[in-house]
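Undergrad:
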Amino acid sequence: MESNCLLTTDFKDLKLFRRGKVRDVYDLGEELLIISTDRISCFDVVLPSGIPYKGRVLTALSCFWFDFLKEVIEQHVITADASQYPKVVQKYANVISGRSMLVKKSKPLPVECVVRGYLSGSGWKEYKTKQSICEIKLPAGLKESDQLPQVIFTPSTKEEVGHDQNVSQDYVKKVLGTDIFDKIMQASISLYQKAAGFARQRGIIIADTKFEFGILDKKVILIDEVLTPDSSRFWPADQYQPGKQQPSFDKQFVRDYLEGLDWDKTPPGPVLPQDIINKTTEKYLDAYFKLTGKKLIE
Ligand SMILES: Nc1ncnc2c1ncn2[C@@H]1O[C@H](COP(=O)(O)OP(=O)(O)OP(=O)(O)O)[C@@H](O)[C@H]1O
Ligand SMILES: [Mg+2]
């Protein structure tokens, strides 16, 4: 597999807005430049190895979904065509082309809009102890990874450090006001339903996902990345078997490899063997192909 792997950017003449686990974001004033690197995190630890093409796949998938979902709500994308970027970033075009997006900077709402169609992760944990998620009561007797009787909106806080905390819908209503709350809840559910229905026909279950919204010119717009394997749980539909954890469409080779090591899941993470890296690249490329029907590379 080619060695064209980008682990980090360090554009000294641009203002760094935020370096996340995977993305480097630069502040261009009224716009942001969001760059997806090839970093991969597993069990919340960013690994020292990158996954070639991961950043390109995540960017291309986000672009695909933004376009697919554009009727649902206004969104932040200006362009992902590097030749249209402002002059100040043109000199980095060879590094960022195909793995970045120019977006409208907004004021992000302080909530992660999680939508769940299946019972997994922190939702499953909460269900087991309380039979509810974010104070939404659920029927008894559900198994891990079961499809939920209906799609639910289970917001969480955005924590700077540590895990995001699930919160009740009432809490978010108080923080944001009823109008904005209603808008983001309805949009989140519609976005999820439209995308998950589409993905299901293409062999991928989107078990849950997370959207972010921001305010721009007094309007609520969809921001950040959408429906990528980093912001969602993608499961291969042909292996779906409720009653246990499902394999991850994209990260399962990495997880299995890490579980087989004597590593305590705290940083620094281990270097990945080349065959795990190659197989994982294939999974990302395959996810893109399955969902869009297009090959990212020939
Ligand atoms: N259009 C936008 N306007 C303003 N902020 C935005 C916009 N789009 C995305 N953001 C913000 O950019 C940041 C991107 O950071 P990123 O998601 O890479 O890292 P993180 O959320 O801090 O950590 P993690 O890697 O765990 O997700 C987020 O805080 C997101 O809210
Ligand atoms: Mg984030």
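Note that my numbering numbers the sequence shown so that position 168 is 171, with each residue one more than the last.
Positions of the beta carbon are idealized from the N, C-alpha and C atoms, including for glycine.
All values derive from a computational prediction rather than experimental measurement.
To test your reading of the DSSP string, which unbroken beta strand (DSSP E) runs of 3 or more residues are found completely within the segment 152 to 190?
TA: none
Undergrad: If I measure Cβ to Cβ from W127 and keep anything under 6 Å in the same chain, skipping five residues before and after, which residues do I get?
TA: Excluding residues within five positions, the ones whose Cβ falls inside 6 Å are E147.
Undergrad: Cβ of A198 within 8 Å of Cβ of L72?
TA: Going by C-beta atoms, A198 is nearer than 8 Å to L72.
Undergrad: Along the alpha helix (DSSP H) that carries T62, what are the first and last residues, could you check?
TA: 57 to 71
Undergrad: Does DSSP classify E77 as helix, strand or coil?
TA: coil
Undergrad: Going by C-alpha to C-alpha distance, which of A83, T62, L10, G32 sits closest to R22?
TA: Looking at the Cα atoms, L10 is the closest of the given residues.
Undergrad: Using 8 Å for Cβ pairs, my map puts F156 next to Q172. What's the rounded Cβ distance?
TA: The beta-carbon separation of F156 and Q172, rounded to 7 Å, stays under the 8 Å limit for a contact.
Undergrad: Rounded to the nearest angstrom, what separates K110 and K268 at their Cα positions?
TA: 34 Å
Undergrad: Terminal residues of the continuous alpha helix (DSSP H) containing W266?
TA: Element bounds for W266: n/a, residue is neither H nor E.
Undergrad: As a quick check of your reading: which residues have a C-beta less than 6 Å from at least one non-hydrogen atom of ligand 1, in chain order?
TA: Near ligand 1, meaning a beta-carbon closer than 6 Å to one of its heavy atoms, we find R21, G23, K24, V25, R26, V28, L35, H79, V106, K107, K108, S109, P111, E215, G217, I226, D227.
Undergrad: Do you know whose CA, among D259, D253, V257, Y260, lies nearest K293's CA?
TA: D253
Undergrad: Roughly how many angstroms lie between the CA atoms of K131 and T160, to the nearest whole one?
TA: 21 Å
Undergrad: Apart from the five residues just before and just after C45, which ones in its own chain have a Cβ nearer than 8 Å to its Cβ?
TA: K254, V257, R258, L261, G272
Undergrad: Return the first residue and the last residue of the alpha helix (DSSP H) that E285 is part of.
TA: 277 to 295
Undergrad: I need the DSSP call for D241, collapsed to helix, strand or coil.
TA: helix
Undergrad: Given that a residue counts as buried once 16 or more other Cβ atoms are within 10 Å of its Cβ, and exposed if not, what is Q249?
TA: buried
Undergrad: So what does DSSP say about D211, is it helix, strand or coil?
TA: strand
Undergrad: F302 and V170: beta carbons closer than 8 Å?
TA: The requested residue 302 is not part of the displayed model; the chain covers only 4 to 301.
Undergrad: Do you know how far the Cα of S86 is from the Cα of L151?
TA: 44 Å
Undergrad: Roughly how many whole angstroms lie between the Cα atoms of V118 and I208?
TA: 13 Å
Undergrad: Who are the Cβ neighbours of V25 in its own chain at under 7 Å, not counting the five residues just before and after it?
TA: S39, T40, R42, S44, D233
Undergrad: Do I37 and V91 have their beta-carbon atoms positioned less than 8 Å apart in this structure?
TA: no
Undergrad: Assuming F67 contacts V80 (C-beta within less than 8 Å), just tell me the rounded distance between them.
TA: Incorrect: roughly 11 Å between the Cβ atoms, too far for contact.
Undergrad: Output the boundary residues of the alpha helix (DSSP H) element that contains I99.
TA: Unbroken alpha helix (DSSP H) run through I99: 96 to 99.
Undergrad: Can the beta-carbon of Y95 be found closer than 8 Å to that of F14?
TA: Yes. Within cutoff.
Undergrad: Helix, strand or coil: which one does DSSP assign to Y88?
TA: coil
Undergrad: Rounded to whole angstroms, what is the Cα-Cα separation between I54 and L225?
TA: 27 Å
Undergrad: Please determine, among C8, Y29, Q134, the residue with the shortest C-alpha to C-alpha distance to K18.
TA: Y29
Undergrad: By the 10 Å Cβ neighbour count, where 16 or more other Cβ atoms means buried, how is R205 classified, buried or exposed?
TA: exposed
Undergrad: Compute the Euclidean distance between the alpha carbons of G58 and Q134, then round it to the nearest angstrom.
TA: CA-to-CA, the gap between G58 and Q134 works out to about 37 Å.
Undergrad: DSSP on L19, reduced to helix/strand/coil?
TA: If DSSP states are grouped into helix, strand and coil, L19 belongs with the strands.
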